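Chemist: Here our numbering = 1-based position in the sequence shown + 323.
Glycine is no exception: its CB is placed at the ideal position from the N, C-alpha and C atoms.
Quick caveat, the model's predicted, so the values are computed rather than measured.
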Amino acid sequence: MQNNLKGMGIAVLGGDARSLIILEELVASGAVVNTAGLPADVLPAGVHYFSEPEACLAGVSAVILPVSGVNDKRQLYCPMTSQPLTFTSELAVCFPPDIPIFTGVAGPYLSKIAAESGLRLIELMKLNEVAILNSIPTAEGAVQLAMEMLPITIHGSCAFVLGFGRIGATLARLLSAMGASTWVVARRPEHLARITELNLMPVPFAEMSRYLGESDMIFNTIPVPVLTGEVLDKVSSGTLIIDLASAPGGVDFQRAASIGVKAILAPGLPGKVAPKTAGRILAKVIIRLLYEEMAG
Ligand code: NAP
324 MQNNLKGMGI
334 AVLGGDARSL
344 IILEELVASG
354 AVVNTAGLPA
364 DVLPAGVHYF
374 SEPEACLAGV
384 SAVILPVSGV
394 NDKRQLYCPM
404 TSQPLTFTSE
414 LAVCFPPDIP
424 IFTGVAGPYL
434 SKIAAESGLR
444 LIELMKLNEV
454 AILNSIPTAE
464 GAVQLAMEML
474 PITIHGSCAF
484 VLGFGRIGAT
494 LARLLSAMGA
504 STWVVARRPE
514 HLARITELNL
524 MPVPFAEMSR
534 YLGESDMIFN
544 TIPVPVLTGE
554 VLDKVSSGTL
564 IIDLASAPGG
574 VDFQRAASIG
584 VKAILAPGLP
594 GKVAPKTAGR
604 ILAKVIIRLL
614 YEEMAG
């Protein structure tokens with residue numbers, strides 16, 4: 324990473340292993356980096372540790388919050404410390420005015436505080452650039468789960484991917500490259516055409532139930548209820564369902580359990596299976612955006 328944020332003050336509040344990578348990359352870019360909500364003994368060299376978030380914020384030109392933002396208990400995601408940071412409107416007024424505040428997905432509480440306090444939130448997961456790159460560790464993590472949970476190989480299996488967006492497209496290509504017979508459910512004609520072009524099996528959304536009985540594994544990426552009770556009744560009991568869509572997901576988990584179909588919700592895979600890669604993806608985009616801000 325180039326030395327392109329030289330002298331810029333940046334505060335990183337809370338976060339997980341991805342934040343440590345972001346800290347490393349920011350220091351390598353020449354930024355002056357303060358942090359709170361991460362353990363002092365794991366911080367990369369050159370990072371200034373603070374026990375209180377307010378003290379971190381003086382004079383900074385940007386703040387980086389955890390990817391998962393703030394939970395409904397008003398806590399910043401700080402799984403590496405025993406004392407999570409609380410994000411209040413009092414803390415929000417300590418932010419220097421008009422600086423960019425990065426998070427992954429804001430959620431209702433942070434969005435509300437940001438609107439009330441005039442914070443300039445940038446939700447990284449909403450940027451296509453981030454979502455597409457992030458689909459790589461997500462797809463690999465999903466395949467890893469399937470390999471761990473099923474007694475068969477991916478090669479020679481029958482895999483269904485529901486949705487052909489950022490994650491669906493990456494995952495379908497990965498499964499096919501590993502030798503799975505890969506069926507992809509989509510609703511848009513142009514997506515069905517692209518699925519055909521990729522030598523994958525296209526399934527129109529409305530016809531999904533007719534085919535799912537053949538599946539060994541189903542990966543859902545559609546963030547609305549798709550695997551409803553009625554659809555699940557067509558799925559064989561040995562099939563594994565991995566729901567990648569954001570909570571509450573797209574699967575009727577209760578119904579799946581009642582008919583003996585194993586179904587799991589698998590959120591936050593990039594941070595779990597590849598924190599270094601996921602941190603680098605975020606750092607690269609944050610540094611580019613900050614460099615553009617500096618350049619005016
Ligand atoms: P995306 O690019 O927006 O793709 C979503 C797909 O769902 C598209 O194919 C879309 O079809 C389809 N879809 C949406 N609403 C639909 C409906 N009502 N009926 C039928 N199809 C519908 O999203 P993504 O980036 O792939 O992410 C997918 C989900 O995974 C999101 O919930 C995201 O937050 C989550 N996610 C999970 C992880 C993880 O680790 N599990 C990581 C990152 C993201 P159209 O194109 O026709 O609208």
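Just to check my reading of the structure: Ala509 and Ile490 have Cβ atoms closer than 8 Å, yes? What is that Cβ distance to the nearest angstrom?
Modeler: So it is not a contact: roughly 13 Å between Cβ atoms.
Chemist: Exposed or buried, Met331, counting other C-beta atoms within 10 Å across all chains shown (16 or more means buried)?
Modeler: That one is buried.
Chemist: With 16 other CB atoms within 10 Å as the buried threshold, where does Ser693 fall?
Modeler: In the structure as shown, the chain begins at 324 and stops at 619. Residue 693 is therefore absent and cannot be evaluated.
Chemist: Relative to the alpha-carbon of Asp395, which residue among Ile436, Asn357, Ile387, Ala580 has its alpha-carbon at the smallest distance?
Modeler: Ile436
Chemist: My parser needs the alpha helix (DSSP H) runs of 4 or more residues fully inside the segment 489-554; what are they?
Modeler: 489-500, 512-520, 531-534
Chemist: Using a Cβ-Cβ cut-off of 6 Å (strictly less than) and excluding sequence neighbours within five positions of Ala601, which residues of its own chain qualify?
Modeler: Arg341, Pro460, Pro593, Gly594
Chemist: Please tell me whether, using a cut-off of 7 Å, the distance from the CB of Asn457 to the nearest non-hydrogen atom of ligand 1 is below it.
Modeler: yes
Chemist: Can you tell me whether DSSP reads Ala378 as helix, strand or coil?
Modeler: helix
Chemist: Distance, Cα to Cα, Tyr400 vs Leu613?
Modeler: 23 Å
Chemist: Check each residue's C-beta against every heavy atom of ligand 1 and list, in chain order, those closer than 7 Å.
Modeler: Met448, Ala454, Asn457, Ser458, Thr461, Gly464, Gly486, Phe487, Gly488, Arg489, Ile490, Gly491, Ala509, Arg510, Arg511, His514, Phe528, Thr544, Ile545, Pro546, Val547, Val549, Leu567, Ala568, Ser569, Ala589, Pro590, Gly591, Leu592, Pro593
Chemist: List, from N- to C-terminal side, the beta strand (DSSP E) runs of 3 residues or more that fit wholly inside the segment 554-618.
Modeler: 563-566, 585-588
Chemist: Tell me whether the beta-carbon of Thr505 lies closer than 8 Å to the beta-carbon of Leu498.
Modeler: yes
Chemist: Going by other Cβ atoms of all chains shown within 10 Å of its Cβ, with 16 needed for buried, is Glu553 buried or exposed?
Modeler: exposed
Chemist: Give me the Cα-Cα distance between Met324 and Ile609, rounded to the nearest whole angstrom.
Modeler: Model confidence at Met324 stands at a pLDDT of 49, short of 50, so the residue's coordinates are unreliable and nothing is read from them.
Chemist: So what does Asn644 bridge to, in DSSP terms?
Modeler: Residue 644 lies beyond the stretch modelled for the chain, which goes from 324 to 619, so this question has no answer here.
Chemist: Rounded to a whole number of angstroms, what is the C-alpha to C-alpha distance between Ile564 and Met470?
Modeler: 12 Å
Chemist: Whole-angstrom Cβ separation of Val428 and Glu446, contact assumed at under 8 Å?
Modeler: 6 Å
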